[in-house]
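Undergrad: So the sequence shown is numbered by UniProt numbering: it starts at 5 and just counts up by one.
Okay, handing you the structure first.
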Amino acid sequence: AITEIKARQVFDSRSVPTVEVDVHLAGGGWGRGTVPSGASTGKFEALELRDGDAGSFQGKAVYQAIGHVESIIAPALLGLDATDQVAIDQLLCQLDGTENKSRLGANSILAVSMAVAWAAARGSNVPLYRYLGGANAKQLPLPMIQIIGGGAHARATTDLQDYLVIPVGSTSFSQGYEMVVNVYQATKKVFERHGKPLATADEGGFWPTGFSTNEEGLQLLVEGIEEAGYQPGKEVAIALDIASSEFYEEDGSYRLALENRSFTRDEFIDYLCDLADRYPIISIEDGMAETDWEGSRKLTERIGKRLQLIGDDLFTTSVPRIQKGVRQGVYNSVLIKMNQIGTITETLDAIESTKSAGYLPVISARSGETEDATIVHLAIATNAGQLKVGSVARSERTVKWNEVLRIEEELGAAAHYAGKDIFKRILS
Ligand code: PGA
Ligand code: ZN
Numbered sequence: 005a006i007t008e009i010k011a012r013q014v015f016d017s018r019s020v021p022t023v024e025v026d027v028h029l030a031g032g033g034w035g036r037g038t039v040p041s042g043a044s045t046g047k048f049e050a051l052e053l054r055d056g057d058a059g060s061f062q063g064k065a066v067y068q069a070i071g072h073v074e075s076i077i078a079p080a081l082l083g084l085d086a087t088d089q090v091a092i093d094q095l096l097c098q099l100d101g102t103e104n105k106s107r108l109g110a111n112s113i114l115a116v117s118m119a120v121a122w123a124a125a126r127g128s129n130v131p132l133y134r135y136l137g138g139a140n141a142k143q144l145p146l147p148m149i150q151i152i153g154g155g156a157h158a159r160a161t162t163d164l165q166d167y168l169v170i171p172v173g174s175t176s177f178s179q180g181y182e183m184v185v186n187v188y189q190a191t192k193k194v195f196e197r198h199g200k201p202l203a204t205a206d207e208g209g210f211w212p213t214g215f216s217t218n219e220e221g222l223q224l225l226v227e228g229i230e231e232a233g234y235q236p237g238k239e240v241a242i243a244l245d246i247a248s249s250e251f252y253e254e255d256g257s258y259r260l261a262l263e264n265r266s267f268t269r270d271e272f273i274d275y276l277c278d279l280a281d282r283y284p285i286i287s288i289e290d291g292m293a294e295t296d297w298e299g300s301r302k303l304t305e306r307i308g309k310r311l312q313l314i315g316d317d318l319f320t321t322s323v324p325r326i327q328k329g330v331r332q333g334v335y336n337s338v339l340i341k342m343n344q345i346g347t348i349t350e351t352l353d354a355i356e357s358t359k360s361a362g363y364l365p366v367i368s369a370r371s372g373e374t375e376d377a378t379i380v381h382l383a384i385a386t387n388a389g390q391l392k393v394g395s396v397a398r399s400e401r402t403v404k405w406n407e408v409l410r411i412e413e414e415l416g417a418a419a420h421y422a423g424k425d426i427f428k429r430i431l432s
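Written out as structure tokens, the structure reads:
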């Protein structure tokens, strides 16, 4: 049973306050959850409660959220069985009582939900992935890893947000990870050769200084893949997170500020299809804006059989939004972020509805992260198949990748690697 719940304010990888909760059980088990925070957040996400007091961490302190854990959540949860995750998460939603967790804050609720899961797993003496996923949790994810970080994670130096790679030629997680590390190191050389400073963006990828077009990131990335000795597309493919809601204008146009170009919906679809024709791209996230369902549907019609098309801001890990997308034939993959929805149980529900629709889930970190590695366990527990954590630099990123390496070792011969075959389910 839960005997103590303690909440505190700690700091994320951008030095922004965030909520951390410890849950203690009778008999000595305990768990901790530390929540991440986005920068290019979708407008349909659950609410991240911040104090808004300009005199305290520029309005971003989370003392109210912490107060809610101690005064409202803790009294209601003390004495409950931590292994009853579904009932506890339901109770958390009831205590909040709003659609988007705006009363208690999704940050306070999620920290508790995560800490309860960790405490229950430790109390049962099993790893979290096994506790959440059961005996069949064994699939190591294909990694999607950022090499160049732009958009909201680099002061909009580029309009496109993430230039990532997927080691499609790999046959194990550790081999795939090694390939990406090689691409990262090779791209460092490519940047030096092009006279670009080696600054680091929010998720650990290279900061795109002095780019004159968004396409330049793709050119450098292809050069980096080749420099590392891999065949672009065959061994290492490119993924993009366009995060287009960030540059979608009220009049329905898409504006690439770097190039001083504006596109209509149809022109922007042409722009993306053209990039997909000319570069070894296998995946595009948020190609169209979070409110542009029609554009998203049209983009899917055009290239949804050739590419993974991921909805992040469009779906916000919400079952009704995912189901709407499935009904309308929009995209074929869903980015899964726990703090977009606010509890472990609702996240598991979103993964389940993604899979049952034949879409692919991609478990994802946020741009503001911590030393918390819960998402790694979530990815393996659900045999999700893909994991996106930012780059291979900065400890809030490597803490996740290193955890996959440890679990790969622990599972040994029982491990199954997702590999590029997972795309067979959606591509023809
Ligand atoms: P965010 O970025 O955490 O800033 O929203 C991650 C993403 O867009 O996938
Ligand atoms: Zn995204």
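No residue lacks a Cβ here, since even glycine has one placed at the ideal position from N, Cα and C.
Using DSSP bridges, identify the partner residues of A243.
TA: The partner list for A243 (beta bridge, DSSP) reads L168 and S287.
Undergrad: What is the DSSP secondary structure of R306, counted as helix, strand or coil?
TA: It is helical.
Undergrad: Sort G63, L95 and E49 by Cα distance to I77 and report the nearest one.
TA: Comparing Cα positions, the closest option is L95.
Undergrad: For E49 and T320, which I take to be in contact (beta-carbon distance under 8 Å), what is that distance rounded to the nearest angstrom?
TA: Contact flag correct, Cβ pair sits at about 5 Å.
Undergrad: Excluding sequence positions up to five away, which residues of its chain have a Cβ less than 8 Å from the Cβ of L409?
TA: Same-chain partners within the cutoff: F177, S178 and Y181.
Undergrad: In this structure, does DSSP put V66 in helix, strand or coil?
TA: Of the three classes helix, strand and coil, the one that applies to V66 here is coil, per DSSP.
Undergrad: Just to confirm, are G333 and R301 a CB contact at a threshold of 7 Å?
TA: Yes, they are a contact pair.
Undergrad: If G63 sits next to R54, beta carbons under 8 Å apart, how far is it from one beta carbon to the other, in whole angstroms?
TA: 6 Å between Cβ atoms; contact.
Undergrad: So what does DSSP say about H198, is it helix, strand or coil?
TA: If DSSP states are grouped into helix, strand and coil, H198 belongs with coil.
Undergrad: Is the beta carbon of D290 within less than 6 Å of some heavy atom of the ligand ZN?
TA: Yes, the Cβ of D290 comes within 6 Å of a heavy atom of the ligand ZN.
Undergrad: From V172, G208, I113 and E227, pick the residue whose C-alpha is nearest to that of R197; which is it?
TA: Residue E227 is the option with its Cα nearest to R197.
Undergrad: Could you tell me the alpha carbon to alpha carbon distance between D166 and A280, rounded to whole angstroms?
TA: D166 and A280: Cα-Cα distance of roughly 15 Å.
Undergrad: Compute every distance between the C-beta of T175 and the non-hydrogen atoms of the ligand PGA, then say whether any falls below 6 Å.
TA: No, the beta carbon of T175 sits no closer than 6 Å to any heavy atom of the ligand PGA.
Undergrad: At which residue ranges does the UniProt domain "Enolase N-terminal" (6 to 136) contain complete alpha helix (DSSP H) runs of 4 or more residues, listed in the order of the chain?
TA: Runs of the alpha helix (DSSP H) inside the UniProt domain "Enolase N-terminal" (6 to 136): 67 to 72, 78 to 81, 89 to 100 and 110 to 127.
Undergrad: Are the beta-carbon atoms belonging to L146 and Q390 less than 7 Å from one another?
TA: The answer is yes: Cβ separation under 7 Å.
Undergrad: Would a C-beta distance cut-off of 7 Å place D16 and S41 closer than the cut-off?
TA: For D16 and S41, yes; Cβs fall inside 7 Å.
Undergrad: Along the chain, where does the beta strand (DSSP E) containing S368 start, and where does it finish?
TA: Start and end: L364 to S368.
Undergrad: For A419 and L132, what's the separation of their Cα atoms in angstroms?
TA: Near 16 Å, if we compare the C-alpha coordinates of L132 and A419.
Undergrad: Return yes when at least one heavy atom of the ligand ZN lies under 6 Å from the C-beta of T247, else no.
TA: Checking the displayed sequence, the identity of residue 247 turns out to be Ala instead of Thr. At least one heavy atom of the ligand ZN is nearer than 6 Å to the Cβ of A247, so yes.
Undergrad: Going by the beta-carbon positions, is the gap between D163 and L260 smaller than 7 Å?
TA: A contact, by the Cβ cut-off of 7 Å.
Undergrad: Shortest alpha-carbon distance to L318 belongs to which of G33, M183, Q143 and Y252?
TA: Among G33, M183, Q143 and Y252, the Cα nearest to that of L318 belongs to Y252.
Undergrad: Jot down the residue ranges of each uninterrupted alpha helix (DSSP H) in the segment 326 to 364, minimum 4 residues, whole runs only, in chain order.
TA: Within the segment 326 to 364, the complete alpha helix (DSSP H) runs of at least 4 residues are 342 to 345 and 348 to 360.
Undergrad: Which class does L431 belong to by DSSP, given the choice of helix, strand or coil?
TA: It is coil, neither helix nor strand.
Undergrad: Could you work out which residue in G199, S216 and V20 is closest to N264 when comparing CA atoms only?
TA: Per the Cα distances, S216.
Undergrad: Alpha carbon to alpha carbon, how far is V23 from G109? Give it in angstroms, no decimals.
TA: About 10 Å.
Undergrad: Classify E271 as buried or exposed, calling it buried when 16 or more other Cβ atoms lie within 10 Å of its own Cβ.
TA: Exposed.
Undergrad: Suppose the cutoff is 7 Å on Cβ atoms and the five residues either side in sequence are ignored; what does the same chain contact list for T295 look like?
TA: Cβ within range, chain order: n/a, list empty.
Undergrad: Could you check whether the Cβ of D163 sits closer than 6 Å to any heavy atom belonging to the ligand ZN?
TA: No - the ligand ZN has no heavy atom lying nearer than 6 Å to the Cβ of D163.
Undergrad: Give the DSSP-derived three-state secondary structure of S300 in the structure shown.
TA: Correct three-state label for S300: helix.
Undergrad: Quick one: does the C-beta of A43 sit closer than 6 Å to a heavy atom of the ligand PGA?
TA: Yes, the beta carbon of A43 sits closer than 6 Å to at least one heavy atom of the ligand PGA.
Undergrad: Output the distance between the C-alpha atoms of F61 and G372, rounded to the nearest integer angstrom.
TA: Each residue's alpha carbon lies about 15 Å from the other.
Undergrad: Can you look up F177 in the DSSP assignment and give me helix, strand or coil?
TA: Of the three classes helix, strand and coil, the one that applies to F177 here is helix, per DSSP.
Undergrad: If you draw a straight line from the alpha carbon of V184 to that of G153, how long is it in whole angstroms?
TA: Cα to Cα, V184 sits roughly 15 Å from G153.
Undergrad: Using a 10 Å radius around the Cβ and a threshold of 16 neighbouring Cβ atoms, would you call L202 buried or exposed?
TA: With fewer than 16 Cβ atoms within 10 Å of its Cβ, L202 is classed as exposed.
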